[in-house]
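Worksheet for the structure shown next.
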Amino acid sequence: MPRSNGRQINLTMAKATHDIIRKAWEGNSKDKKLSSWVLELTLQAIEKDKWIKHYAPHLSYIGMNENGIILRDRHLKDSIVEVKLLDNRLWCQVCREKNCMHVYFTMARPELSLVQDPEKPRKMIRKITKT
């Protein structure tokens with residue numbers, strides 16, 4: 310729950326979330342205080358959302374599969390669009406292009422970091438357990 314002293318509002322977050330944010334901050338921008346860095350990122354995300362809603366109001370995120378992002382485009386008759394990661398590049402299955410509005414919209418999605426390129430071998434991640 311946010312707490313306020315009249316001029317500032319303090320937010321509470323889970324320690325795990327704080328640890329993730331702190332680690333990202335330490336790897337990027339120690340020239341700013343952590344709170345300033347988080348505030349700047351938050352404001353940038355809000356501006357990006359406003360930009361997307363203004364320039365691409367017809368596009369919306371539906372979901373994702375192993376190697377692609379699925380969008381809805383209200384301008385198209387067949388409104389479902391899949392943007393895939395092929396050979397380390399985004400590719401729109403509908404426009405058959407790597408430089409269309411669907412690709413640009415996908416680039417702005419945080420889920421993109423979870424998409425796998427089917428042409429690249431996947432690294433095996435093994436859970437190490439202590440005995």
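Read in order, the letters of the sequence shown are residues 310 to 440 in my numbering.
The beta carbon of each residue, even a glycine, is placed where N, CA and C say it ideally should be.
The structure presented is a predicted model; accordingly, all values stated were derived computationally and were not measured.
Alpha-carbon spacing of residue i relative to residue j, whole angstroms
i: residue 403; j: residue 347; result: 37 Å
i: residue 318; j: residue 332; result: 23 Å
i: residue 406; j: residue 350; result: 31 Å
Cutoff 8 Å; reference residue i; Cβ partners in own chain excluding five residues on either side
i: residue 385; result: 403
i: residue 418; result: 370, 378
Buried/exposed call for residue i, threshold 16 Cβ in 10 Å
i: residue 411; result: buried
i: residue 321; result: exposed
i: residue 300; result: Look at the range of the chain in this structure, 310 to 440, and you will see that residue 300 is not part of it.
Other residues of its chain near residue i: CB distance less than 6 Å, five sequence neighbours each side excluded
i: residue 434; result: In this prediction, residue 434 has a pLDDT of 38, which is less than 50 and means its spatial position is unreliable; what the coordinates show is noted afterwards. So the list is empty, once near-sequence residues are dropped.
Nonlocal neighbours in the same chain, by C-beta distance under 7 Å from residue i, ignoring five residues either side
i: residue 424; result: 373, 376, 377, 378, 394
My parser needs the beta strand (DSSP E) runs of 3 or more residues fully inside the region 392–423; what are they? List check, beta strand (DSSP E) in window: 398–401.
Check: Can you find at least 3 beta carbon pairs, one from the region 343–360 and one from the region 394–403, that sit closer than 8 Å?
Finding: Between the region 343–360 and the region 394–403, the count of C-beta pairs closer than 8 Å stays below three; the two stretches do not touch.
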